[in-house]
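Student: When the count follows the UniProt record's numbering, it moves up by one through the sequence shown with no breaks and lands on 608 for the last residue.
Next up is a structure, given as structure tokens.
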Amino acid sequence: MTPRALGRASSGSVYRLAPGRGASVRYSHVDSRQRISNIWIPPVKVNQQVGVNDATVLLTRAGYVSQAYAGIFHMLPLGLRVQEKLENLIDKHMKLAKASKVSLSSISSQDLWRKSHRLGKSSELFMFKDRKDSKMLLSPTHEEEITSLVAGFVRSPKQLPVRLYQIGRKYRDEKRPRGGLLRGREFTMKDLYTFDANLADAHKTYDEVRAVYRGFLNELTIPYIEAQADSGDMGGDLSHEYHFPNGAGEDTVITCTACDIARNEEYVSRTSFIPKRIDSPPPSSNVLPATTQVFMKSFLGKTGRDLVRAFGLCKSEELAGDKRLPGLINSYAVKAVLASVLEVDTGVEDASKKFTVSHHTAVREDKSQGIDKHRIFYVLDRRVPTDGIAEVVAKDMRHFPEGVEFFIVESASPEAAKIDLLRPRDGDECPECQKGKLEIHKAIEIGHTFHLGTRYSSLLDCKVHQSHESSGIPTPVEMGCHGIGVTRLIAAVASCLKDEVGLNWPRVIAPFEAAILASIELGPAAEKLYDALSHSQAGGVDTILDDRDVSLPYKMKDADVVGYPVLIILGRSFAKGEVEVQCRRLKIKKQVPLNEVASFVQSLLSRL
């Protein structure tokens, strides 16, 4: 049956369509206005308790995302609108960084990853073969591909700098995906890769990128921390992370109340330490006060043939014998202290037992051919005197009379920094300024900047001739890699700004800046208000009309769950020429005359 026009609005027509089975009457609006009725949003149970910790649950209930599999999510129309706005904001700031946008394939060659020495270092790669038995993988990052691409075109320093970025999907076969969009198996990221002719230029580029990141994060109007960080598997010697302080975060960030120190707990300054071999226990003088206690935590080396015993000092009489004491040892500091000697596996439980089994096996199997040496390293926190470990060392030497070498790890020189093995705690004195107190924050990482150096360019032949003659010796270019987790950031923003009612988006990435809510009877008036907002002299407001055939209270609850920055409600006061304007984030609820709505809404949005 041909649809019959029921009426005409100022900028289009309204048609009544035959409802489907079990459906209410549905209207189709042929105009340019943005209407909720024209957007597919799965039903939301607005009466359910939504004040939960997991932002992804809120995003799901509000119709932004839908989980497909463990760690894999579909982005629905509302979610995609947020993502597109976020990507547009990233594009804006990448232009300020003078970066060109590319789109690299999600498929990479295992051979290329083998050249960069990363293929065997990760158990989280999605790897496969094509029908020709070519070994491929789904890229979790694109250092190999971008380096190979640039290497094929750049030969001279005059062709540098090069700054390329992309926004695309990444894949990581997480063993235990968790946190919804915060740690998934498929995710969207922005990667900026920089290429410079020398180290000085690379450091200048790095500082420029950090400034661009600050500008980007400032537009989100959410407090953030820029923290020194460890480069990890990415390589390089300079890196910073960008965090939203939030209890749902997995990272721990340390700041000071008096100075500008900010670092991830995983970051430990690189100071030289040397293992000194010992043949007997240190002398015991029993100088420790009775109220103090030396506690120990053991770690195993990756080979299973090295045991590391880390020691700390507890001055609290109340904690004596507490089983939580080993947890005060900072495993990242232990790894950093011994980085030049061995690789410590901090995830092994019962390290002492496993080391003992390995040693006894070696003694038994190699007795006729000479014992294959095992090693025990003693690492002392700066607060622990050497004689405080005498009893432990003596016991180890009795237990392992053969086939084990013993070492105490010391600073490389008297002037060098002492070893600090304890995890920082709230209220500790700042080791940098000795004036302020440390503050410990749980935080969500949403971005990272790395100076990679020549880690990839040297292995993948991305080199330039520094001399004017082509016969000059080619040198690897200096690289940087700078990421922003796009889908992760969506979840992080949701987690930071949610409240007991629902989501609460910042203006710049909200699906819509304002929502107009009205009863069906006031629909024409709502449309006129929509037109006034969209074409206001102060600049158009990105507005959505809730024109669904449901009650006004339902629309209000639904809007709170979705998290529009500003709500404009045509209710009882409309007869007096007023509407109610709400901004939950600013805690504003006000009756505003119709002729002042546009300017008032703009004033609110300017603060979001």
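Glycine included, C-beta positions come from ideal geometry on N, C-alpha and C.
#1: Which full runs of the beta strand (DSSP E) of 3+ residues lie inside the segment 442–501, going along the chain?
#2: Within the same chain, show all residues whose beta-carbon is closer than 8 Å to that of residue 602, passing over the 5 residues directly before and after it, in chain order.
#3: Using C-beta distances below 8 Å, list every residue in its chain close to residue 588, excluding the 5 sequence neighbours before and after it, in chain order.
#4: Hey, how far is the Cα of residue 170 from the Cα of residue 487?
#5: I believe residue 253 touches residue 515 by the beta-carbon criterion, under 8 Å. Please report the beta-carbon distance rounded to the nearest angstrom.
#6: Quick check on the DSSP output: the beta strand (DSSP E) that includes residue 312 runs from which residue to which?
#7: Would you call the segment 476–494 and the segment 451–463 in contact, with 3 or more CB pairs under 8 Å?
#8: Following the continuous beta strand (DSSP E) through residue 262, name the residue where it begins and the one where it ends.
#9: Where do the N-terminal and C-terminal ends of the alpha helix (DSSP H) with residue 161 fall, by residue?
#10: DSSP on residue 518, reduced to helix/strand/coil?
#11: Counting only the same chain and skipping the five closest in sequence on each side, list residues whose C-beta sits under 6 Å from that of residue 46.
#12: May I ask you to report which of helix, strand or coil DSSP gives residue 250?
#13: By DSSP, does residue 142 sit in helix, in strand, or in coil?
#14: The alpha helix (DSSP H) with residue 347 in it runs from where to where?
#15: Using the Cβ count rule (16 or more neighbours within 10 Å means buried), how would you classify residue 360?
#16: Would residue 345 and residue 376 qualify as a contact pair, given that the criterion is a beta-carbon distance under 8 Å?
#17: Three or more C-beta pairs under 8 Å: does that hold for the segment 63–83 against the segment 137–147?
#18: Please work out which residues of its chain come closer than 6 Å, Cβ to Cβ, to residue 285, disregarding the five sequence neighbours upstream and downstream, and give them in chain order.
#19: Would a C-beta distance cut-off of 8 Å place residue 90 and residue 484 closer than the cut-off?
#20: Residue 188 by DSSP, collapsed to three states: which one?
#21: Could you round the C-beta distance between residue 509 and residue 86 to whole angstroms and report it? I think they count as a contact, below 8 Å.
#22: Check whether the segment 242–252 and the segment 435–442 touch, using three or more Cβ-Cβ pairs below 8 Å as the test.
#23: If you measure between the beta carbons of residue 310 and residue 334, is that distance less than 8 Å?
#24: Is it the case that the Cβ atoms of residue 186 and residue 72 are separated by a distance below 8 Å?
#25: Sorted by chain position, which residues of the same chain lie with C-beta nearer than 6 Å to residue 501's C-beta, five sequence neighbours on each side aside?
#26: Going by C-alpha to C-alpha distance, which of 42, 118, 150 sits closest to residue 464?
#27: Residue range of the beta strand (DSSP E) that residue 73 falls in?
#28: Could you check how far apart the C-beta atoms of residue 525 and residue 532 are, in whole angstroms? I think they sit under 8 Å.
#29: Classify residue 472 as buried or exposed, calling it buried when 16 or more other Cβ atoms lie within 10 Å of its own Cβ.
#30: Is the beta carbon of residue 230 closer than 8 Å to that of residue 611?
#31: Looking at the unbroken beta strand (DSSP E) that takes in residue 301, where does it start and where does it end?
#32: Which two residues bound the contiguous alpha helix (DSSP H) that contains residue 268?
#33: Decide if the segment 347–357 is in contact with the segment 299–307; the criterion is three or more beta carbon pairs, one per stretch, under 8 Å apart.
#34: Does the beta-carbon of residue 216 have 16 or more other beta-carbons within 10 angstroms, so that it is buried, or is it exposed?
#35: Report yes if the C-beta distance between residue 520 and residue 546 is below 8 Å; otherwise report no.
#36: Going by Cα to Cα distance, which pick from 37, 261, 384, 571 is closest to residue 312?
Tutor: Checking against the coordinates, here is how it stands:
#1: 463–465, 474–476, 478–485
#2: 536, 538, 539, 541
#3: 581, 582, 604
#4: 11 Å
#5: Not a contact, Cβ separation roughly 35 Å.
#6: 306–314
#7: yes
#8: 262–264
#9: Here residue 161 belongs to no alpha helix (DSSP H), and DSSP marks it neither H nor E.
#10: strand
#11: Per-residue confidence for residue 46 stands at a pLDDT of 41, beneath the threshold of 50, marking its modelled position as unreliable; no derived number is given.
#12: coil
#13: coil
#14: From DSSP, residue 347 is part of no alpha helix (DSSP H); its letter is neither H nor E.
#15: exposed
#16: no
#17: no
#18: 387
#19: yes
#20: strand
#21: 5 Å
#22: yes
#23: yes
#24: yes
#25: 560
#26: 150
#27: 72–75
#28: Going by Cβ atoms, the distance from residue 525 to residue 532 rounds to 11 Å, so no, they are not a contact pair.
#29: exposed
#30: Because the chain in this structure spans residues 1 to 608, residue 611 falls outside the shown range and cannot be described.
#31: 293–301
#32: Segment: none, residue 268 is in no alpha helix (DSSP H) and carries neither H nor E.
#33: yes
#34: buried
#35: no
#36: 384
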